[in-house]
Amino acid sequence: MCGRFAFHSPKEAINRVFGFDFALEYQPRYNIAPSQYILAFRHSGQQTSGIASNFSIEPVMLRWGLVPSWAKDPGIGQRMINARRETVDHKPAFRAAFRRRRCVILADGFYEWRRAEDRKIPTYITMKSGEPFAMAGLWEHWEGGSSTLLTCTIITTAANDVLAPVHDRMPVIFSPENAAHWIDPGNDSRTGLQQLLDTPDNDVLHYWEVGRDVNNPRNNGPNLIQRLPMAADGTIAGPA
Numbered sequence: 002m003c004g005r006f007a008f009h010s011p012k013e014a015i016n017r018v019f020g021f022d023f024a025l026e027y028q029p030r031y032n033i034a035p036s037q038y039i040l041a042f043r044h045s046g047q048q049t050s051g052i053a054s055n056f057s058i059e060p061v062m063l064r065w066g067l068v069p070s071w072a073k074d075p076g077i078g079q080r081m082i083n084a085r086r087e088t089v090d091h092k093p094a095f096r097a098a099f100r101r102r103r104c105v106i107l108a109d110g111f112y113e114w115r116r117a118e119d120r121k122i123p124t125y126i127t128m129k130s131g132e133p134f135a136m137a138g139l140w141e142h143w144e145g146g147s148s149t150l151l152t153c154t155i156i157t158t159a160a161n162d163v164l165a166p167v168h169d170r171m172p173v174i175f176s177p178e179n180a181a182h183w184i185d186p187g188n189d190s191r192t193g194l195q196q197l198l199d200t201p202d203n204d205v206l207h208y209w210e211v212g213r214d215v216n217n218p219r220n221n222g223p224n225l226i227q228r229l230p231m232a233a234d235g236t237i238a239g240p241a
């Protein structure tokens, strides 16, 4: 699964990697948790040029935890922070969004908790290049009485060989080109969309153990992603 991530890159890095030039302001965050609002990109239906040659991409703040339009209780979003690649195109909660409301969610890294005997060790996973990346997502519009919610979910797939020792699932990570293809409203081939959700290559990611402060979603700051020091015998010298 993907239940916590970090996003702190400046706008210049986003524009350099993805060609997303936008005015929306955001703050660096190192411990993004479900139910919080997160930065995503979706199509706006406008003509443009650049990485997306026939439609425009716009930024939007979405609450993490997808609430289907037909839901009676928005609390269902607490159980919809992730959608499985294997079922996302036909599961009732996600299939309409899969066809018409796809987005990407930007991150610099994400966390998983590796099991080791009776402990769960927080682990930070990021790109070897140090660049931000786009995770596959879906978004929904929900209305209930006077309330309106824009929500999202992150699509996960089977972990690649590098991450399998940490967790059996991982978010789908896109190249800049595939991010644009995913958002493209003209891309309506179910088979083609599923092919975009293939497990990422082994050689693009790496990870390290971090401290327990990340366990509390109220904590924030660059210290959360710092690698724990190693002792001379190769074990972690700091608290796990």
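All you need for the working numbering is the position in the sequence shown, starting with 1, plus 1. C-beta atoms are modelled at their ideal positions from N, C-alpha and C, and glycine is treated no differently.
Using the three-state DSSP reduction, which class does residue i fall into: helix, strand or coil?
i, result
"VAL111", "It is worth fixing the name first, because residue 111 is Phe in this sequence and not Val. Note: PHE111 maps to strand in three-state DSSP."
"LYS12", "helix"
"VAL211", "coil"
"PHE99", "helix"
"LEU151", "strand"
"VAL18", "helix"
"LEU206", "strand"
"ARG80", "helix"
What separation, rounded to the nearest whole angstrom, lies between the Cα atoms of residue i and residue j?
i, j, result
"VAL211", "SER147", "42 Å"
"ARG86", "PRO230", "36 Å"
"ALA117", "VAL215", "17 Å"
"VAL89", "ILE33", "23 Å"
"ALA14", "ILE126", "19 Å"
"MET171", "PHE134", "13 Å"
"PRO11", "PHE23", "11 Å"
"ARG115", "VAL167", "5 Å"
"ASP189", "TYR208", "35 Å"
"ALA53", "GLN227", "Model confidence at ALA53 stands at a pLDDT of 45, short of 50, so the residue's coordinates are unreliable and nothing is read from them."
"PRO223", "SER176", "25 Å"
"ARG213", "LEU225", "8 Å"
"PRO93", "ARG101", "14 Å"
"ALA137", "MET128", "16 Å"
"ARG96", "ILE77", "16 Å"
"ASN161", "ILE39", "26 Å"
"GLY187", "ASP169", "32 Å"
Are the beta-carbon atoms belonging to residue i and residue j less than 8 Å from one another?
i, j, result
"PHE21", "PHE6", "no"
"PHE99", "LEU63", "no"
"TRP71", "ILE82", "no"
"GLU113", "VAL18", "no"
"PRO60", "LEU150", "no"
"LEU197", "LEU164", "no"
"GLU178", "VAL68", "no"
"ASN221", "TYR31", "yes"
Within 7 Å: the Cβ of residue i and any heavy atom of the ligand HEM?
i, result
"MET171", "Looking at this structure, you won't find the ligand HEM or any other ligand, since it has none at all."
How should residue i be labelled, buried or exposed, when 16 other C-beta atoms within 10 angstroms of its C-beta is the threshold for buried?
i, result
"ARG219", "exposed"
"ARG191", "exposed"
"PRO29", "exposed"
"LEU25", "exposed"
"GLY110", "buried"
"PRO35", "buried"
"ALA145", "First, the residue type needs correcting, since residue 145 is Gly and not Ala in the sequence shown. Exposed."
"GLY193", "exposed"
"HIS44", "buried"
*Counting Cβ pairs, one atom from each stretch, are 3 or more of them under 8 Å apart for the segment 103 to 112 and the segment 178 to 187?*
yes
*How do the segment 120 to 129 and the segment 138 to 157 stand: do at least 3 beta-carbon pairs fall below 8 Å, yes or no?*
no
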